[in-house]
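Residue numbers (our numbering), protein chains in the order written: chain E, 1142 to 1199; chain G, 2 to 396. Reading through the structure tokens given below for one structure.
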Amino acid sequence: MKRGRADRTLIVAGVATIALGALALLDQTGTIDVRFDYMLPAVLAAIGVVLLSAGLGE
Amino acid sequence: MSEQRPATTSPPPPLRRAPASGYIGGVCAGFAARLGIDPILIRIGFVLTLLAGGAGIPLYVIGWALIPAEGPERPVVSRLLTRRDTWLVAAGMACLTLAAVLLLRQWGVWFSDRLTWPLVIVAAGGALIWRQSQAAPEAREDKAQLPREAVNRVGIGVALVVGGALLFLSLNDSSVRDAVLPVAVALIAVTIILAPWWVRLVRGLDAERAARIRSQERAEVAAHLHDSVLQTLALVQKRADDPREVAALARRQERELRAWLNNTRPAGTATLAGALESAAAEVESDHHVPIEVVTVGDAPLDERATALVAATREALVNASKFAGPEPISLYAEVEDGRAEVFVRDRGPGFDPEAAPADRRGVRDSIIARMQRHGGTATIHSTPGTGTEVELVMSS
């Protein structure tokens, strides 16, 4: 795979996925209470960050 | 004796989806090929995950997005994320904005659904129009019409702005404001749609003006180099057998260039008449031709007058090359801010229309220079009757 932009973007995507997964896990364990009203913006923000990373990276 | 054969274990094949042999996207078949087991075992595991809460479905989707299919095709995610267009940035900004709006709504920092959602839609459309209107102006000018993709983006932006405006109007229906509100909303929508293009037009005009100024400055430098350095070099070649004169020419040229670079003016040339007489004296000295100077009236030596002097000097140099022993006549008259200069010689004359294109003296140093500073230059000459250069600079 070509290195550079795609790699960095995939890293950002991975970090965003881990963050979302951690939120979901903490919600499942009862540590925090993440309602859908907050989870939806979080998912949107994660997607937005990944898309921006792909679009602005060179 | 037993012969030991080297182990020939081939590396496992890279992980690839196998859509041709799979039922959905070929993810299970790809894993099976990678692990060297029967695909049915992977599929049974997938079905078991479905029974245990359905975790296999998102995992399958992730695998489909990240694992490339057989052949040269790149993964879906990689193909999406390496697209070289502005959609990614626009979509990313849209997602972040939507997330922020949802959070604000959740926290109660909110005006009203009737105002905020139309505003968000209009803002998205305006951003799209703005982005497209400012993008790559050079590339677009090469084409006779806008590319289809650009038209589509602008169309979507306009549709979002209009849709947001209509949504606002439908959500804020009030009989009291019926007459005023639609007009105001329509005006705002039209402004949002047209403002980016207006800004682009203004910027384009500014850029065009800057380019024109740069072009004029280049032309000024070229004309000055032609009139000074190139003319002096030509004289140096002509007087190569007289080292003292060559040295004097070089010294004078050096002084002149330094004065030009430092933007200083030689003493005694503070007025137009003085500068014309000084230029005539220089040409007379360099080219050994008599020049009769008559000046009537005077004016301060501003930028336009300096250009007039430079054009006159070039006309004198040209005349000195062809006038022969006959004196050259320089007549200048300044009255009410209008300066007229006539340079006459009794040389063989020439046809101005038939002058070679590479002769920059008349075309660039006289005519174009006068035009750049708002003046005119006219050459009156026919073969056999001499030449008169008429230079006019009005205030």
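Beta carbons are placed, not taken as given, at the ideal position from N, Cα and C, and that holds for glycine.
Taking CB distances under 8 Å as the criterion, tell me whether residue i reaches chain G.
{"i": "Leu1164 (chain E)", "result": "no"}
{"i": "Ala1157 (chain E)", "result": "no"}
{"i": "Gly1189 (chain E)", "result": "yes"}
{"i": "Gln1161 (chain E)", "result": "Rather than Gln, the amino acid found at residue 1161 (chain E) in this sequence is Leu. Closer than 8 Å: no."}
{"i": "Leu1167 (chain E)", "result": "no"}
Going along chain G, which residues have a C-beta under 8 Å from residue i?
{"i": "Ala1178 (chain E)", "result": "The question names Ala, but residue 1178 (chain E) is Asp in the sequence shown. Result: Leu103, Gln107."}
{"i": "Leu1185 (chain E)", "result": "Cys96, Leu97, Leu99, Ala100, Leu103"}
Comparing the C-beta of residue i with each C-beta of chain E, is any distance below 8 Å?
{"i": "Gly93 (chain G)", "result": "yes"}
{"i": "Leu161 (chain G)", "result": "no"}
{"i": "Ala151 (chain G)", "result": "no"}
{"i": "Ala100 (chain G)", "result": "yes"}
So residue i contacts chain E; which residues on that side make the cut at Cβ distance below 7 Å?
{"i": "Cys29 (chain G)", "result": "Those within 7 Å of Cys29 (chain G) in chain E number zero; the least Cβ separation is about 22 Å."}
{"i": "Leu89 (chain G)", "result": "Leu1192, Ala1195, Gly1196"}
Residue i: which of the options sits nearest, CA to CA?
{"i": "Val290 (chain G)", "options": "G:Asn263, G:Gly26, G:Ser321", "result": "G:Ser321"}
{"i": "Glu336 (chain G)", "options": "G:Leu273, G:Val284, G:Thr383", "result": "G:Leu273"}
{"i": "Ala251 (chain G)", "options": "G:Ser216, G:Arg219, G:Asp287", "result": "G:Asp287"}
{"i": "Ala316 (chain G)", "options": "G:Pro326, G:Ala19, G:Ala378", "result": "G:Ala378"}
{"i": "Leu129 (chain G)", "options": "G:Pro357, G:Ile43, G:Val90, G:Thr313", "result": "G:Val90"}
{"i": "Leu182 (chain G)", "options": "G:Phe169, G:Leu231, G:Thr192, G:Ala356", "result": "G:Phe169"}
{"i": "Gly350 (chain G)", "options": "G:Pro357, G:Gly55, G:Ile380, G:Asp365", "result": "G:Ile380"}
{"i": "Pro73 (chain G)", "options": "G:Arg17, G:Arg364, G:Leu202", "result": "G:Arg17"}
{"i": "Ala311 (chain G)", "options": "G:Pro59, G:Asp299, G:Ile292, G:Ile368", "result": "G:Ile368"}
{"i": "Arg297 (chain G)", "options": "G:Ala101, G:Ile329, G:Glu334, G:Gly275", "result": "Going by the sequence as given, residue 297 (chain G) is Val instead of Arg. Val297 (chain G) has its Cα closest to that of G:Glu334, out of G:Ala101, G:Ile329, G:Glu334, G:Gly275."}
{"i": "Ala220 (chain G)", "options": "G:Leu49, G:Arg253, G:Arg364, G:Leu52", "result": "G:Arg364"}
{"i": "Val1175 (chain E)", "options": "E:Val1191, E:Leu1161, E:Leu1151", "result": "E:Leu1161"}
{"i": "Asp352 (chain G)", "options": "G:Arg345, G:Ser382, G:Leu331", "result": "G:Ser382"}
{"i": "Leu42 (chain G)", "options": "G:Leu52, G:Ser396, G:Ala53, G:Cys29", "result": "G:Cys29"}
{"i": "Glu1 (chain G)", "options": "G:Asp346, G:Ala185, G:Ser395, G:Lys239", "result": "In the structure as shown, chain G starts at 2 and stops at 396, and residue 1 (chain G) therefore has no counterpart that could be examined."}
{"i": "Asn153 (chain G)", "options": "G:Gly126, G:Glu246, G:Ser22", "result": "G:Gly126"}
{"i": "Leu1164 (chain E)", "options": "E:Pro1182, E:Val1153, E:Ser1194, E:Leu1192", "result": "E:Pro1182"}
{"i": "Arg35 (chain G)", "options": "G:Pro14, G:Thr313, G:Ala21, G:Ile45", "result": "G:Pro14"}
Work out the CA separation of residue j and residue i for me, nearest whole Å.
{"i": "Glu341 (chain G)", "j": "Asn264 (chain G)", "result": "25 Å"}
{"i": "Gly31 (chain G)", "j": "Arg132 (chain G)", "result": "42 Å"}
{"i": "Thr117 (chain G)", "j": "Trp198 (chain G)", "result": "26 Å"}
{"i": "Arg399 (chain G)", "j": "Ala211 (chain G)", "result": "Outside the modelled stretch of chain G, which goes from 2 to 396, sits residue 399 (chain G), for which no answer is possible."}
{"i": "Thr386 (chain G)", "j": "Glu209 (chain G)", "result": "44 Å"}
{"i": "Val294 (chain G)", "j": "Glu391 (chain G)", "result": "15 Å"}
{"i": "Glu419 (chain G)", "j": "Thr307 (chain G)", "result": "Given that chain G is displayed from residue 2 to residue 396, the structure contains no residue 419 (chain G) and the question cannot be resolved."}
{"i": "Leu234 (chain G)", "j": "Asp242 (chain G)", "result": "14 Å"}
{"i": "Ser113 (chain G)", "j": "Leu1197 (chain E)", "result": "33 Å"}
{"i": "Ala324 (chain G)", "j": "Ser216 (chain G)", "result": "34 Å"}
{"i": "Gly37 (chain G)", "j": "Ala151 (chain G)", "result": "49 Å"}
{"i": "Val203 (chain G)", "j": "Gly1189 (chain E)", "result": "33 Å"}
{"i": "Gln107 (chain G)", "j": "Pro119 (chain G)", "result": "18 Å"}
{"i": "Leu103 (chain G)", "j": "Gly1171 (chain E)", "result": "24 Å"}
{"i": "Phe343 (chain G)", "j": "Ala196 (chain G)", "result": "52 Å"}
{"i": "Asn319 (chain G)", "j": "Glu285 (chain G)", "result": "12 Å"}
{"i": "Ala1186 (chain E)", "j": "Ala70 (chain G)", "result": "29 Å"}
{"i": "Arg253 (chain G)", "j": "His374 (chain G)", "result": "27 Å"}
{"i": "Val1153 (chain E)", "j": "Tyr24 (chain G)", "result": "31 Å"}
{"i": "Gly109 (chain G)", "j": "Ser134 (chain G)", "result": "35 Å"}
{"i": "Ala280 (chain G)", "j": "Ile214 (chain G)", "result": "27 Å"}
{"i": "Asp207 (chain G)", "j": "Val1184 (chain E)", "result": "44 Å"}
{"i": "Met394 (chain G)", "j": "Ser366 (chain G)", "result": "15 Å"}
For residue i, would you say it is in contact with chain A, using Cβ-to-Cβ distances shorter than 8 Å as the test?
{"i": "Leu67 (chain G)", "result": "Note that chain A does not occur in the displayed structure, where the protein chains are E and G."}
Please go through the segment 249-328 of chain G and give each complete alpha helix (DSSP H) segment of 4 or more residues, from N-terminal end onward. 273-288, 304-323
In chain order, which alpha helix (DSSP H) runs of at least 4 residues are fully inside the segment 60-113 of chain G? 77-82, 88-108
Residue ranges of each beta strand (DSSP E) within the segment 342-387 of chain G, 3 or longer: 377-382
Ignoring anything shorter than 4 residues, give me the alpha helix (DSSP H) runs that lie fully in the segment 1145-1188 of chain E, in order along the chain. 1146-1170
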